[in-house]
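Peer 1: My structure is below; once you've seen it, I'll send some questions.
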């Protein structure tokens, strides 16, 4: 059985395990104040062309989203987000648990537009009863989205401009950022992102690390006391070096990007196989997640050897499933899946 | 320079790294529902002689404390705790962040007594204006305490009895549990703890793991929906297997206990060296943390080669410092420290 | 200028002011433990035919909604609600501020159906990843709704049945309850409501009192420690007697119901005047709020002497406005408004 | 039986009831945006000699404290306070419910000193592990304190200076402010307070109003979006005019101050009667609360006709009780109490 249902089925890229073993008995101070973290921060700042950015390492995505959002908002503020956004649907209300409403906007293929954001921000400011409503205090988007889709540079720039016009910070969830940046269709670079977002994170968990997310804060207003927020949210790893070592490795010799490009290329092979059979897609994703619409028979046939993730039922005979590739996906596994698709 | 200032200066015990490497490319489902976690749970239930206990794995101590406490309390309830308790002083108000007051009691060598707990619980119930005050809804103690001291079986039993009399669950923070259980002066066993506490955790971070804490819930009332709480607090590791593999290793061949005994024995050597010089202690700790009271000259002399943790200043010429040993502390490092103490 | 834009433009019914003056210098204990509150509770239990119900008095609607919901839910739970529900749109995220997501369902004329509720509750329970999502822990409806519409006895019974089937309490926001119960089209009585809801409140602020809402808790599970919740949410009025005296007065000699009937009758006159002119309505409300769709000219003409509440713009030339009546609305004011409508 | 156990046993000063009756049928807009509120704000700004201050009206003390504190703090911050402070002991953890720790300092007769505050603020800033602890983000004192004692102008100035030195706002709880300002021993004036505090409130509930507290914000940083905070905490009264009318009346013709002076004078009579009998006091209060230490026999004798508030037991034969006077206390009632004291 081959697992294609998510991008965190394995451990870490071997170079990471090697580095953890090599450094295992070196004694360091805790809580991310060691030299590995310092070096990893430098590498990330360099890759972002953001020498003044603050870089912090957290363990997982929900923790990261919650910490960033709760640290930025005042109590009466909420975070604008696509209704399909991860914080709105799959984090057990972690944002609300810190006291803030998620202000969900209708999404198109997982994305929201600058026009929608502008309407939400302007609409609130113009309302005579604004204080009876939650004030939009941050805008959250995912890149790529939960459906694998991408914001173009033009779209991202437009959203960023609206946010700056209204003085509301833009936060980009990059749990799968590498897969987005390395897509054949991507025109956003890491420096673009660092320039256009006020805070974002570079996902490690789904992209070669055992775990870990690197938060990059470019807006000065969001930098203050962020380590308090990390500690308060239970995200300050005692052996913070584990995060430093992993990101140091990922940002050495282009590893992070190479691994992402590998996954995107394999996802494209799967995409092309489905497309060649005339099988439609729920959404047109150019990244490591593919969402074909299968008949019950097709799904049953493929599930025999290739585990996919049930996404949603469309009608009695059709459902959408998700196939994920990752840094760990083997070319041979994809070849076998492609054969199986061809044989449908 | 040798580090004695805390017990998380290194990575993990080599057997853990080996197991992580061996299992690295095995594909599993995420979020702790894999077979490694299942096996680790069984091993822990067995070690606790608690076949009906729920076992959950979290990443760090603050996260674990907050998740357990917030999951157990109703909004108007608080948690009773020694004023020196970790949740009261060193977690950036994480418990309060979830809405609950820490009801701190004066501590003696880091400990509170059954009498104090009874007075707090009974006092609240008897107060005619009770509803104007926070209701005690849980009792939290640390074993060993933040000062390395231990509750005897008699003391623990007495506290447990008071809690059960008043219907308030007892939560034991076991961030350094092994060091407590393996102390030469300990008379509490893991099955005792599982019998007397309603929920407790077995610390991994400070005792041989890269990271990880195993929560053991024995009280049925606290079991329901605990996985929601983990997810909401950002503690559900995507690659939950990493926790399962680590605890599986620690609870195989007595490793967890052997490592703790090693650290306790080395701490005793340090203790005896200070005592032989007539150097007093801030607190009489039988576990892996030692708190001698040093003159400024002594401290300066020792700090040259042996990093300790400044604890508190007692007067112009004296302060208390902390020396920690751990599973990773080398016999030879302790021998050199002992020599340096002898030479004071 | 006549005010029709809301139902809290005046003070209180004169009998309430008289009773406040009469009792002014009587000395009582505070916090709702006086004899006026005790008597008012008895009158309300009697009117509800719910002798075992707990009755508590709070000051305002947002406070009441938040206190009831936060007291009932565990941290990982949210409250199911129509997307137009007051808690979802007009309480500055007070529910989220206490840590809980509002799980909004699409509404039809302000209402949700038993089928929608069942789908939400069942859907969550059936989801294999349920713990990644907020668990529905309460269902909230408004009677009448924010658009003045009513749940029939059949509809309310169906929702109640679904809630009981899934073990989720039903909370009915009765900020304008009297206007709902006394509508010519109502078939739900106060005892029906007490029987079908687990907790609800009887609004005073908009129905003759200076302020005040009476929470009626019929489900035993929700009764425990509710006074702690009131105090914690800042809702325990020091001079609680003020609430007791007001509800005592409202529930003596049928005053509460007579005042509501008066407002409903006047609203119907306004409704009929618009209907006679062929002016359409945004929603078909049988209670004290009417939502005609006016052209810009019509609106301008009426606004000269009759203040209405702008509701929403429908197109360049049409908008929906709200006319409210209340216990305080004068027959003569309505007559003049009707004349003005006739003259459009 | 005469009630002396608190200062909220009656309704409101008759002039307030009269004004409520006179204005009852005037139609106004809601939520504190009416002309009565506007006028009351002007009167308060004038009395404070603070023309740029923002003034908001809330219903009760716990609500006011929570709203002010939660609005001012970031999530990782707490509020410094005397351990006997109202927010620390008698508000059911309302501050913690909004996510913030109360950082309690040992109190002397209900007061804390500038030195203590400076040590707390400096100590935190100097700590190398500061981010593991709650950051002091506000200082809260009560004037008069919960024990009736007063801060002198010198003491208040010193605390204010420390707060400004460290950039931490000073919040003064004035639930009984009038009784403090009018004490024979007071040297702080309302303009002093407005100059030295960043935010404070003028209590109405215990000083002649039915209910109501007037928050005065002088620091610009605390003004922004405060109405959102009021609404979110359930403190925005629909008929806000009720608060405006009450404070307008209290701040007309010196009523607020005259009523407070009346209560203070009567309290002094009670004080002098106890002192003349050689009965000691738990604390030396120059305001409307008196705390004599009575033998069991004395207490029993007085309790026959004069209700006092049990404060705390000192030994088997002695306890401290509280006698309160208020704007409503009758000279004749005090005369009878004095006679009874003389007869002990």
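Residue numbers (our numbering), protein chains in the order written: chain A, 11 to 354; chain B, 11 to 354; chain C, 11 to 354; chain D, 11 to 354. All residues carry an ideal CB built from backbone N, CA and C; glycine is no exception.
If we count the other Cβ atoms within 10 Å of its Cβ and call it buried at 16 or more, is residue 61(C) buried or exposed?
Peer 2: As a working note, residue 61(C) is residue 51 in the third chain. Answer is exposed; the Cβ neighbour count stays below 16.
Peer 1: On a Cα-Cα basis, can you pick out the residue from 70(D), 50(D), 122(D) that is closest to residue 167(D)?
Peer 2: The count along the fourth chain starts at 1 and reaches residue 167(D) at position 157. Cα-wise, what sits closest to residue 167(D) is 122(D).
Peer 1: Mind checking who residue 66(A) pairs with in its DSSP beta bridge?
Peer 2: Walking along the first chain from the start, residue 66(A) turns up at place 56. Paired residue(s): 225(A).
Peer 1: Any beta carbon of chain A sitting closer than 8 angstroms to that of residue 100(C)?
Peer 2: Taking the first residue of the third chain as position 1, residue 100(C) is located at position 90. Interface residue, yes.
Peer 1: Going by the beta-carbon positions, is the gap between residue 253(B) and residue 198(B) smaller than 8 angstroms?
Peer 2: To locate residue 253(B), count along the second chain from 1; it is residue 243. To locate residue 198(B), count along the second chain from 1; it is residue 188. Result no, Cβ atoms of residue 253(B) and residue 198(B) do not sit closer than 8 angstroms.
Peer 1: Given a threshold of 16 other Cβ atoms within 10 Å of its Cβ, counted over all protein chains shown, does residue 263(B) qualify as buried or as exposed?
Peer 2: Looking up residue 263(B) in the second chain gives position 253. Its Cβ having fewer than 16 others within 10 Å, residue 263(B) is exposed.
Peer 1: Do you know whose CA, among 244(C), 336(C), 273(C), lies nearest residue 78(C)'s CA?
Peer 2: As a working note, residue 78(C) is residue 68 in the third chain. Comparing Cα-Cα distances from residue 78(C) to each of 244(C), 336(C), 273(C), the minimum goes to 244(C).
Peer 1: As an exercise, report each continuous beta strand (DSSP E) stretch of at least 3 residues that is fully enclosed by the segment 97 to 156 of chain D, in chain order.
Peer 2: 112 to 115, 145 to 152
Peer 1: At what residues does the alpha helix (DSSP H) containing residue 174(C) begin and finish?
Peer 2: For the purposes of this step, residue 174(C) is identified with residue 164 of the third chain, where counting begins at 1. Per DSSP, residue 174(C) belongs to the alpha helix (DSSP H) from 163 to 176.
Peer 1: Run through DSSP, which three-state label would residue 335(C) get?
Peer 2: Locating residue 335(C) in the third chain gives position 325, counting from the first residue. Collapsing the DSSP output to three states places residue 335(C) in coil.
Peer 1: Which residues in the same chain as residue 104(B) place their Cβ atom closer than 6 angstroms to its Cβ, once the five residues preceding and following it in sequence are excluded?
Peer 2: As a position in the second chain, residue 104(B) is number 94, starting the count at 1. Same-chain partners within the cutoff: 72, 76.
Peer 1: Can you tell me where the alpha helix (DSSP H) holding residue 344(C) begins and where it ends?
Peer 2: For the purposes of this step, residue 344(C) is taken as residue 334 along the third chain, with counting starting at 1. Looking at the DSSP string, the run of the alpha helix (DSSP H) that includes residue 344(C) is 341 to 352.
Peer 1: What residues from chain A crowd round residue 86(D), counting only those whose CB sits closer than 7 angstroms?
Peer 2: What you label residue 86(D) is simply residue 76 of the fourth chain in a count that begins at 1. Going along chain A in sequence order, the residues near residue 86(D) (Cβ under 7 angstroms) are 235, 238, 239, 242.
Peer 1: Can you tell me whether residue 328(B) is helix, strand or coil according to DSSP?
Peer 2: Here residue 328(B) refers to the residue found at position 318 of the second chain. Strand.
Peer 1: Report the CB separation of residue 63(B) from residue 232(B) in whole angstroms; it is logged as a contact under 8 angstroms.
Peer 2: Mapped onto the second chain, residue 63(B) falls at position 53. Mapped onto the second chain, residue 232(B) falls at position 222. Rounded to whole angstroms, the Cβ separation of residue 63(B) and residue 232(B) is 11 angstroms, and the two are not in contact under 8 angstroms.
Peer 1: State buried or exposed for residue 216(B), treating a residue as buried only when at least 16 other CB atoms are found within 10 Å of its CB.
Peer 2: Within the second chain, the letter at position 206 stands for residue 216(B). It is buried - the Cβ of residue 216(B) has at least 16 other Cβ atoms within 10 Å.
Peer 1: Would you check if there are 3 or more beta carbon pairs closer than 8 angstroms linking the segment 122 to 133 of chain A to the segment 266 to 286 of chain B?
Peer 2: no
Peer 1: Under a three-way DSSP split, which group does residue 234(A) fall into?
Peer 2: In the first chain, counting from the first residue as 1, residue 234(A) sits at position 224. Coil, per DSSP.
Peer 1: Would you mind telling me which residues of chain B sit closer than 7 angstroms to residue 109(D), beta carbon to beta carbon, in chain order?
Peer 2: The count along the fourth chain starts at 1 and reaches residue 109(D) at position 99. Correct list: 106, 107, 109.
Peer 1: Look at residue 184(B) and residue 158(B) and say whether their C-beta atoms are less than 8 angstroms apart.
Peer 2: The residue you call residue 184(B) lines up with position 174 of the second chain. The residue you call residue 158(B) lines up with position 148 of the second chain. Taking C-beta atoms as the reference points, residue 184(B) and residue 158(B) fail to come closer than 8 angstroms.
Peer 1: Between the segment 131 to 165 of chain B and chain C, which residues of the former have CB atoms less than 7 angstroms from a CB of the latter, in chain order?
Peer 2: 141, 142, 145
Peer 1: For residue 80(C), go through chain B and note every residue whose CB falls closer than 8 angstroms to its CB, in chain order.
Peer 2: Numbered from its first residue, the third chain carries residue 80(C) at position 70. The answer, in chain order, is 85.
Peer 1: So, residue 102(C) versus residue 241(D), is the Cβ gap smaller than 8 angstroms?
Peer 2: To locate residue 102(C), count along the third chain from 1; it is residue 92. To locate residue 241(D), count along the fourth chain from 1; it is residue 231. Yes, Cβ-Cβ distance for residue 102(C) and residue 241(D) is below 8 angstroms.
Peer 1: One question on the structure: do residue 338(D) and residue 35(C) come within less than 8 angstroms of each other, judged by their Cβ atoms?
Peer 2: The residue given as residue 338(D) occupies position 328 in the fourth chain. The residue given as residue 35(C) occupies position 25 in the third chain. Result yes, Cβ atoms of residue 338(D) and residue 35(C) sit closer than 8 angstroms.
Peer 1: Please list, in chain order, all residues of the same chain as residue 322(B) whose beta carbon is under 6 angstroms from its beta carbon, the five residues on each side excluded.
Peer 2: Translated into positions along the second chain, residue 322(B) becomes position 312. Counting only Cβ-Cβ distances below 6 angstroms, and skipping sequence neighbours, we find 330.
Peer 1: Could you name the residues that DSSP lists as bridge partners for residue 181(B)?
Peer 2: As a working note, residue 181(B) is residue 171 in the second chain. DSSP output for residue 181(B) lists 150(B), 209(B) as bridge partner(s).
Peer 1: Count the other C-beta atoms from every protein chain shown that fall within 10 angstroms of the C-beta of residue 257(A), then say buried if there are 16 or more, exposed otherwise.
Peer 2: Residue numbering aside, residue 257(A) sits at position 247 when the first chain is read from its first letter. That one is buried.
Peer 1: Which residue from 57(D), 175(D), 154(D), 114(D) puts its Cα closest to that of residue 135(D)?
Peer 2: Taking the first residue of the fourth chain as position 1, residue 135(D) is located at position 125. It is 175(D) whose Cα lies nearest to the Cα of residue 135(D).
Peer 1: Going by beta carbon distance, what residues of the same chain come within less than 8 angstroms of residue 250(B), once the five residues before and after it are set aside?
Peer 2: Counting from one through the second chain, the residue named residue 250(B) turns up at place 240. If we look at residue 250(B) and ignore the five residues flanking it on each side, its Cβ neighbours are 40, 41, 42, 43, 44, 47, 67.
Peer 1: In chain B, which residues lie less than 8 angstroms from residue 124(A) when you measure between Cβ atoms?
Peer 2: Counting from 1 along the first chain, the entry for residue 124(A) is found at position 114. Counting only Cβ-Cβ distances below 8 angstroms, residue 124(A) has no contacts in chain B at all, with the closest Cβ about 30 angstroms away.
Peer 1: Should residue 109(D) go down as buried or exposed, given a rule of 16 or more other Cβ atoms within 10 Å for buried?
Peer 2: Within the fourth chain, the letter at position 99 stands for residue 109(D). So residue 109(D) counts as buried.
Peer 1: If you draw a straight line from the C-alpha of residue 354(D) to the C-alpha of residue 13(D), how long is it?
Peer 2: Taking the first residue of the fourth chain as position 1, residue 354(D) is located at position 344. Taking the first residue of the fourth chain as position 1, residue 13(D) is located at position 3. Cα to Cα, the separation comes out at about 19 angstroms.
Peer 1: With 8 angstroms as the C-beta to C-beta threshold (strictly closer), list the residues of the segment 16 to 33 of chain C near chain D in chain order.
Peer 2: 16, 18, 19, 20, 21, 22, 24, 27, 30, 31, 33
Peer 1: Terminal residues of the continuous alpha helix (DSSP H) containing residue 91(C)?
Peer 2: Position 81 of the third chain, counting from 1, holds the residue named residue 91(C). No alpha helix (DSSP H) contains residue 91(C), which is instead part of the beta strand (DSSP E) from 87 to 92.
Peer 1: How many whole angstroms separate the CB atoms of residue 260(A) and residue 219(A), which I take to be in contact at a CB cut-off of 8 angstroms?
Peer 2: In the first chain, counting from the first residue as 1, residue 260(A) sits at position 250. In the first chain, counting from the first residue as 1, residue 219(A) sits at position 209. So it is a contact: roughly 6 angstroms between Cβ atoms.
Peer 1: Where residue 324(C) and residue 290(A) are concerned, what is the direct C-alpha to C-alpha distance, given to the nearest angstrom?
Peer 2: For the purposes of this step, residue 324(C) is identified with residue 314 of the third chain, where counting begins at 1. For the purposes of this step, residue 290(A) is identified with residue 280 of the first chain, where counting begins at 1. Cα to Cα, the separation comes out at about 38 angstroms.
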